[in-house]
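Accompanying notes for the structure given below.
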Amino acid sequence: MPKLEIDGREFEVDGDGFLQEPDVWNEDVARLFAAGDGTGEMTEKHWAVVRYIREYWKENDMAPMVRKVCQSTGLRLREIYQLFPMGPAKGACKIAGLPKPDGCV
Amino acid sequence: MAGIKMLSPDRKRALRVLENRLGGRLLTHLNSCVHCGLCGKSCHYYLKYGDPRFIPGNKVDQISRLYRRYFSPLGRILPAWVGARDLDEETIEEMVDVLFGGCTMCGRCSVHCSIGVDVPFLVRTARTMLMELGLVPKGLQSTIDTSVNTGNNMAIPQKELVDTLEWLEEDLRMEVGDESAAIPLDKAGQRLLYTLNPREPKFFPLSISAVAKIMYAAGESWTISTHCYDVTNYAFLSGDDEAARGLAGRLCDEVMKLKAEQLLLAECGHGFRAIRWEGPTWFGKAYPYPVLSVVELIAEYVRSGLIRLDPSLNAERVTLHDPCNLVRAGGVIEEQRYVLARAASDFVEMSPNRVDNYCCGGGGGQLSMGEYRDRRIEAGEIKADQIRRTGARMVATPCHNCIDQLMELNQVYELNVEIKTVAEIVADALVLGKQEN
Amino acid sequence: MTIPHWFLVAGLAIFTILTAGMLRKAVPAWRSYDPSRPKGKPVSGAIYSLTGAMLPWKKESARLYPASYIIGVLYHTGTFIAFAWVALLAFNIGLPEVLDSVSVLFLAVTAGCGVALLAKRIASSDLRYFSSPDDYFSNLLVTGWQGVTLLTLLNRDMLSALLVCTGVLLLYIPFGKLRHAIYLIPARVYLGLFYGRRGVWPAKDRQSWQA
Numbered sequence: 004m005p006k007l008e009i010d011g012r013e014f015e016v017d018g019d020g021f022l023q024e025p026d027v028w029n030e031d032v033a034r035l036f037a038a039g040d041g042t043g044e045m046t047e048k049h050w051a052v053v054r055y056i057r058e059y060w061k062e063n064d065m066a067p068m069v070r071k072v073c074q075s076t077g078l079r080l081r082e083i084y085q086l087f088p089m090g091p092a093k094g095a096c097k098i099a100g101l102p103k104p105d106g107c108v
Numbered sequence: 003m004a005g006i007k008m009l010s011p012d013r014k015r016a017l018r019v020l021e022n023r024l025g026g027r028l029l030t031h032l033n034s035c036v037h038c039g040l041c042g043k044s045c046h047y048y049l050k051y052g053d054p055r056f057i058p059g060n061k062v063d064q065i066s067r068l069y070r071r072y073f074s075p076l077g078r079i080l081p082a083w084v085g086a087r088d089l090d091e092e093t094i095e096e097m098v099d100v101l102f103g104g105c106t107m108c109g110r111c112s113v114h115c116s117i118g119v120d121v122p123f124l125v126r127t128a129r130t131m132l133m134e135l136g137l138v139p140k141g142l143q144s145t146i147d148t149s150v151n152t153g154n155n156m157a158i159p160q161k162e163l164v165d166t167l168e169w170l171e172e173d174l175r176m177e178v179g180d181e182s183a184a185i186p187l188d189k190a191g192q193r194l195l196y197t198l199n200p201r202e203p204k205f206f207p208l209s210i211s212a213v214a215k216i217m218y219a220a221g222e223s224w225t226i227s228t229h230c231y232d233v234t235n236y237a238f239l240s241g242d243d244e245a246a247r248g249l250a251g252r253l254c255d256e257v258m259k260l261k262a263e264q265l266l267l268a269e270c271g272h273g274f275r276a277i278r279w280e281g282p283t284w285f286g287k288a289y290p291y292p293v294l295s296v297v298e299l300i301a302e303y304v305r306s307g308l309i310r311l312d313p314s315l316n317a318e319r320v321t322l323h324d325p326c327n328l329v330r331a332g333g334v335i336e337e338q339r340y341v342l343a344r345a346a347s348d349f350v351e352m353s354p355n356r357v358d359n360y361c362c363g364g365g366g367g368q369l370s371m372g373e374y375r376d377r378r379i380e381a382g383e384i385k386a387d388q389i390r391r392t393g394a395r396m397v398a399t400p401c402h403n404c405i406d407q408l409m410e411l412n413q414v415y416e417l418n419v420e421i422k423t424v425a426e427i428v429a430d431a432l433v434l435g436k437q438e439n
Numbered sequence: 005m006t007i008p009h010w011f012l013v014a015g016l017a018i019f020t021i022l023t024a025g026m027l028r029k030a031v032p033a034w035r036s037y038d039p040s041r042p043k044g045k046p047v048s049g050a051i052y053s054l055t056g057a058m059l060p061w062k063k064e065s066a067r068l069y070p071a072s073y074i075i076g077v078l079y080h081t082g083t084f085i086a087f088a089w090v091a092l093l094a095f096n097i098g099l100p101e102v103l104d105s106v107s108v109l110f111l112a113v114t115a116g117c118g119v120a121l122l123a124k125r126i127a128s129s130d131l132r133y134f135s136s137p138d139d140y141f142s143n144l145l146v147t148g149w150q151g152v153t154l155l156t157l158l159n160r161d162m163l164s165a166l167l168v169c170t171g172v173l174l175l176y177i178p179f180g181k182l183r184h185a186i187y188l189i190p191a192r193v194y195l196g197l198f199y200g201r202r203g204v205w206p207a208k209d210r211q212s213w214q215a
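Given below as structure tokens:
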């Protein structure tokens, strides 16, 4: 299993860098992931998205539709793409510690 | 002499795939490669790594050496003489690594092959053999399983899809200032049945909005089925014909059910190829209705004057990435550039382009096979350099799979570009309102 | 007819039977393999595949490797010339002597090309990686046979050797990589039908869609 080392901490991740054991996730992990993938500093808006995705996933065992992210955070769609240059899947979901979704992402 | 009889049942099944298909086309291509190696530099993997495993001729050999071993006279008697190989552990391991992990089935090598060997055709046949051995990489297989089991490759519940499309419809009405603007759902008797890549409603719905806006401007009669809409066909990529036929068949049934006149495919390279071109082979007959890409439709709108574009609304430099499955293997070559040249004021080609274009690196199912992620990104450097040389700020590509790979290349190679579908760029250039004549 | 003559005739007969059998399995399927609605003309694609697509500036394999391309073309031309000479010599048909000398020179060049290609295969670790003894042997067989043809032109006493060599070559073609001589045209036709049906070939040099 590949390991990702950020600032001296090691995480088991899949080939695309998604966390293997979603339970080891915490906000420090999120910050480290964000710093590593071009998202940069986590602002309040970033946190609102990430926390919502995390909660939704815990309840439903899947990532939310981006519409739900918009409606629950009050952010506009285009803002989400600006906040997470890698997009909602490889950006926000990864930072939120979700496993990689299937499909063209 | 260990023949087929000595093999385990799954290996026998794998060889039976080969045996059952040893008709004209396969037989011909299996017997044609002369190992000249001149194809190496046509492959983005070989260009990047200089590793002989990635020379297309060696990819051909992954399957032709099995053919020689079990089905050719000299290979049966003197396997070592003709480089024939037993279907053993080591052979299989190299097949998986090279054919799943080192090939996007982009077909660039075939166009330039000194003989004319159809390399992706052979690679796909070999993948079918590996599928019989249960060796399709996990991410690719689970994407297929999700499609088969839930009706779309992201397991989107129908209600979620409907909510998202209704939400987009609201947006569309606001944007065009017309309460009658619509994204018609499950409407029977429309001219076009449109499909989606599940990635669009789930994560990137701007491309749906763009198409809806274009349809609105053209006054088109269209609908989306909320029961069956997934344009992707990952089973085409894994070589699983039975699943591929099933997935394509569902869409065909939906066309009949909704009595649409034509099936309109979203900007999805492999989906277009699988449904438009490969489906008839799986069904053994042509479709009773036309199947076209939304790119072809938009080009027709522009050409006939049904929609009007103002290129100054896209003032930044735009370049175009040609998806292999839509262009080289799909024949949609000029339509997208015809449209972009009229939708953007500074459209430039990357070089090489059209049929000679390099794969983005994410094709052939690579995007779903996480185990080869690093290779995918490294081999994508060729594409990144192509984009950089154009000086473009925006890259259009009519394929969601390419888009995702390009987004990653954009970040890794710091290209500082925006990546969009063709429809998104067209929607931004649309001039609404009455035509002046 | 001498024994070498008979050997050649037998070799040719077996070659013809085997080749016909292989082509019968490979060729007829071209009509039926793809039922999709065409965007272009499959037959035009096939014709282009055999003509325009083979032009060196169209093919990267030729464009990027001009030396290999020229050497390869010469080598194969040598094979055709040698076959022509075998036919003439076997029936003891003479040509103006100047053609003998020209052919000797030409075959010296083409056999040299064969040697160069063999040397390239031996020297390149990339090519060695997926080469088998058959690849080396096939080259040696053809190159050597071109050489024997050359020697026979210089000294007709070599004729028996040439006839035997030709028989061996004909017997080997259907079994090893030299099979490509049988499958080359079907392969190009199948590829051409594929791209032709999809409207990819014949390749257009400029935008033509708007018309």
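Chains as they are written, first to last, in this note's numbering: chain A, 4 to 108; chain B, 3 to 439; chain C, 5 to 215.
Glycine is no exception: its CB is placed at the ideal position from the N, C-alpha and C atoms.
It should be emphasised that the depicted structure is a prediction, and the values quoted were computed from it without experimental measurement.
Distance cutoff 9 Å, beta carbons only. Does Arg70 of chain A sit that close to anything in chain B? As a position in the first sequence, residue 70 of chain A is number 67, starting the count at 1. By this cut-off, Arg70 of chain A is an interface position.
If we cut at 9 Å on Cβ distances, does Lys91 of chain A have a partner in chain B? Position 88 of the first sequence, counting from 1, holds the residue named residue 91 of chain A. Here the sequence assigns Pro to residue 91 of chain A, which means Lys is not the residue at that position. Yes - at least one Cβ of chain B is within 9 Å of the one on Pro91 of chain A.
Give the straight-line distance between the Cα atoms of Glu105 of chain B and His49 of chain A, rounded to the nearest whole angstrom. Position 103 of the second sequence, counting from 1, holds the residue named residue 105 of chain B. Position 46 of the first sequence, counting from 1, holds the residue named residue 49 of chain A. Reading off the sequence shown, one finds Cys at residue 105 of chain B, where the question assumed Glu. Taking the straight line from one Cα to the other gives about 37 Å.
Got a sec? Which residues, its chain only, sit under 8 Å from Arg55 of chain B by beta carbon, not counting five neighbours each side? Counting from 1 along the second sequence, the entry for residue 55 of chain B is found at position 53. Counting only Cβ-Cβ distances below 8 Å, and skipping sequence neighbours, we find Glu96, Asp99, Val100, Gly104.
If you compare alpha carbons, which of B:Val357, B:Leu328, B:Pro354 is closest to Thr2 of chain B? Nothing in the structure corresponds to residue 2 of chain B, since chain B is present only between 3 and 439.
Is it right to say Pro67 of chain A is buried, meaning 16 or more other beta carbons lie within 10 angstroms of its own, or is it exposed? Within the first sequence, numbered from 1, the residue matching residue 67 of chain A stands at position 64. Buried, because 16 or more other Cβ atoms sit within 10 Å of the Cβ of Pro67 of chain A.
Which chain A residues are close to Met352 of chain B, counting only those with a beta carbon under 9 Å from its beta carbon? Within the second sequence, numbered from 1, the residue matching residue 352 of chain B stands at position 350. What Met352 of chain B touches in chain A: nothing, since even the nearest Cβ is about 22 Å away.
Since Pro139 of chain B contacts Thr166 of chain B with CB under 8 Å, what's their CB separation in whole angstroms? Within the second sequence, numbered from 1, the residue matching residue 139 of chain B stands at position 137. Within the second sequence, numbered from 1, the residue matching residue 166 of chain B stands at position 164. Wrong, their Cβ atoms sit about 30 Å apart, outside the cutoff.
Beta-carbon of Gly141 of chain B versus every beta-carbon of chain A: anything under 9 Å? Here the question's residue 141 of chain B lines up with position 139 in the second sequence. Yes, because at least one Cβ of chain A sits closer than 9 Å to the Cβ of Gly141 of chain B.
CB contact flag (Ile65 of chain B, Leu24 of chain B, <9 Å): Reading the second sequence from its first residue, position 63 is the one you call residue 65 of chain B. Reading the second sequence from its first residue, position 22 is the one you call residue 24 of chain B. No; because the gap between Cβ atoms is not below 9 Å, this pair is not in contact.
Compare the C-beta of Ile405 of chain B against all C-beta atoms of chain A and say whether one is closer than 9 Å. What you label residue 405 of chain B is simply residue 403 of the second sequence in a count that begins at 1. Answer yes: the Cβ-Cβ gap between Ile405 of chain B and chain A drops below 9 Å somewhere.
Kindly give me the distance between the Cβ atoms of Ala301 of chain B and Leu194 of chain B, rounded to whole angstroms, as I take these residues to be in contact under 8 Å. By 1-based counting over the second sequence, the position of residue 301 of chain B is 299. By 1-based counting over the second sequence, the position of residue 194 of chain B is 192. Contact doesn't hold; Cβ gap of about 15 Å is too wide.
Mind checking Phe14 of chain A: buried by the 16 CB within 10 Å criterion, or exposed? By one-based count along the first sequence, residue 14 of chain A stands at place 11. That one is buried.
Under 9 Å between the Cβ atoms of Leu434 of chain B and Ile389 of chain B? Against the second sequence, residue 434 of chain B aligns to sequence position 432. Against the second sequence, residue 389 of chain B aligns to sequence position 387. No, these two residues do not count as a Cβ contact at 9 Å.
Excluding the 5 residues preceding and the 5 following Val31 of chain C in the sequence, name in chain order all residues of the same chain whose CB lies nearer than 8 Å to its CB. Along the third sequence, read from residue 1 onward, the residue named residue 31 of chain C stands at position 27. If we look at Val31 of chain C and ignore the five residues flanking it on each side, its Cβ neighbours are Pro190.
Gln150 of chain C: first and last residue of the uninterrupted alpha helix (DSSP H) it sits in: As a first step, residue 150 of chain C must be located in the third sequence, where it is residue number 146. Its alpha helix (DSSP H) spans residues 137-158.
So that I know if they touch, is there some Cβ in chain B lying closer than 9 Å to that of Ala33 of chain C? Here residue 33 of chain C is taken as the residue at index 29 of the third sequence, counted from 1. Chain B, which has a Cβ nearer than 9 Å to the Cβ of Ala33 of chain C, makes this yes.
Output yes if chain B places a C-beta closer than 9 Å to the C-beta of Ser40 of chain C; else output no. As a first step, residue 40 of chain C is located in the third sequence; it is residue number 36 there, counting from the start. True, the Cβ-Cβ gap to chain B drops below 9 Å.
Any beta-carbon of chain B closer than 9 Å to the one on Phe21 of chain A? On the first sequence, position 18 is the one that residue 21 of chain A refers to. At least one chain B Cβ lies under 9 Å of Phe21 of chain A.
Here's a check: name, in chain order, each residue in its chain whose Cβ is nearer than 7 Å to the Cβ of Ser48 of chain C, leaving out the five neighbours to either side. Position 44 of the third sequence, counted from the start, is the residue given in the question as residue 48 of chain C. Answer for Ser48 of chain C: Gly200, Pro206, listed in chain order.
Work out the CA separation of Val62 of chain B and Gly85 of chain B for me, nearest whole Å. The residue you call residue 85 of chain B lines up with position 83 of the second sequence. The residue you call residue 62 of chain B lines up with position 60 of the second sequence. Approximately 12 Å, taken between the alpha carbons.
Distance, Tyr47 of chain B Cα to Trp213 of chain C Cα: For the purposes of this step, residue 213 of chain C is taken as the residue at position 209 of the third sequence. For the purposes of this step, residue 47 of chain B is taken as the residue at position 45 of the second sequence. Residue confidence is low: Trp213 of chain C scores 45 on pLDDT, short of 50, so the model does not pin down where it sits. No coordinate-derived value is stated.
At a CB-CB cut-off below 9 Å, which residues of chain A make contact with Lys61 of chain B? Numbered from its first residue, the second sequence carries residue 61 of chain B at position 59. The contacting residues do not exist; Lys61 of chain B stays about 21 Å from chain A at best.
Would you list, in chain order, the members of the segment 294-314 of chain B that have their beta-carbon closer than 9 Å to a beta-carbon of chain C? Ala301, Arg305
Span of the beta strand (DSSP E) around Lys196 of chain B: Counted from its first residue, the second sequence places residue 196 of chain B at position 194. A small correction: the amino acid at residue 196 of chain B is Tyr; Lys does not occupy that position in the sequence shown. Start and end: 194-196.
Enumerate in chain order the residues of its own chain whose CB-to-CB distance from Gln211 of chain C is below 6 Å, with the five nearest sequence positions on each side excluded. Mapped onto the third sequence, residue 211 of chain C falls at position 207. Any reading at Gln211 of chain C needs caution, since the residue's pLDDT is 46, under 50, leaving its predicted position unreliable; the model's value is listed next. Counting only Cβ-Cβ distances below 6 Å, and skipping sequence neighbours, we find nothing.
DSSP three-state label for Ala398 of chain B, please. Numbered from its first residue, the second sequence carries residue 398 of chain B at position 396. The answer is strand: DSSP assigns Ala398 of chain B an E or B state.
Sort B:Ala220, B:Asn199, B:Ser211 by Cα distance to Arg305 of chain B and report the nearest one. Taking the first residue of the second sequence as position 1, residue 305 of chain B is located at position 303. Closest option to Arg305 of chain B, Cα to Cα, is B:Ala220.
Return the chain-ordered list of same chain residues with a C-beta closer than 8 Å to the C-beta of Val334 of chain B, the five sequence neighbours on each side being excluded. Along the second sequence, one-based indexing puts residue 334 of chain B at 332. For Val334 of chain B, where only same-chain residues beyond five positions count, the Cβ hits under 8 Å are Phe274, Ser295, Val297, Glu298, Leu328, Pro400.
If Ile158 of chain B and Leu174 of chain B are in contact, beta carbons under 8 Å, what's the gap, nearest whole angstrom? Working through the second sequence from its first residue, we reach residue 158 of chain B at position 156. Working through the second sequence from its first residue, we reach residue 174 of chain B at position 172. Their Cβ separation, rounded to whole angstroms, is 20 Å, which puts Ile158 of chain B and Leu174 of chain B out of contact at 8 Å.
Which runs of the alpha helix (DSSP H) fall wholly inside the segment 59-121 of chain B and span at least 4 residues, in chain order? 75-79, 91-97, 110-114
Other residues of its chain near Glu62 of chain A: CB distance less than 6 Å, five sequence neighbours each side excluded: As a first step, residue 62 of chain A must be located in the first sequence, where it is residue number 59. Same-chain partners within the cutoff: there are none.
Distance between Ser209 of chain B and Thr423 of chain B (C-alpha atoms, nearest Å): Taking the second sequence and counting its residues from 1, the one referred to as residue 423 of chain B is at position 421. Taking the second sequence and counting its residues from 1, the one referred to as residue 209 of chain B is at position 207. Straight-line Cα distance between these residues: approximately 7 Å.
Compare the Cα-Cα distances from Ala99 of chain A to each of A:Val52, A:Lys6, A:Gly11 and report the closest residue. The residue labelled residue 99 of chain A in the question sits at position 96 within the first sequence. Among A:Val52, A:Lys6, A:Gly11, the Cα nearest to that of Ala99 of chain A belongs to A:Val52.
Against chain B, does Pro88 of chain A count as a neighbour if the rule is that its beta carbon must be under 9 Å from one of theirs? Start at 1 with the first residue of the first sequence, and residue 88 of chain A comes out as number 85. Output row for Pro88 of chain A: interface = yes.
Between the C-alpha atoms of Glu438 of chain B and Asn60 of chain B, what's the straight-line distance to the nearest angstrom? Position 436 of the second sequence, counting from 1, holds the residue named residue 438 of chain B. Position 58 of the second sequence, counting from 1, holds the residue named residue 60 of chain B. Only weak support exists for where Glu438 of chain B lies, its pLDDT of 45 falling under 50; the coordinates are left without a value.
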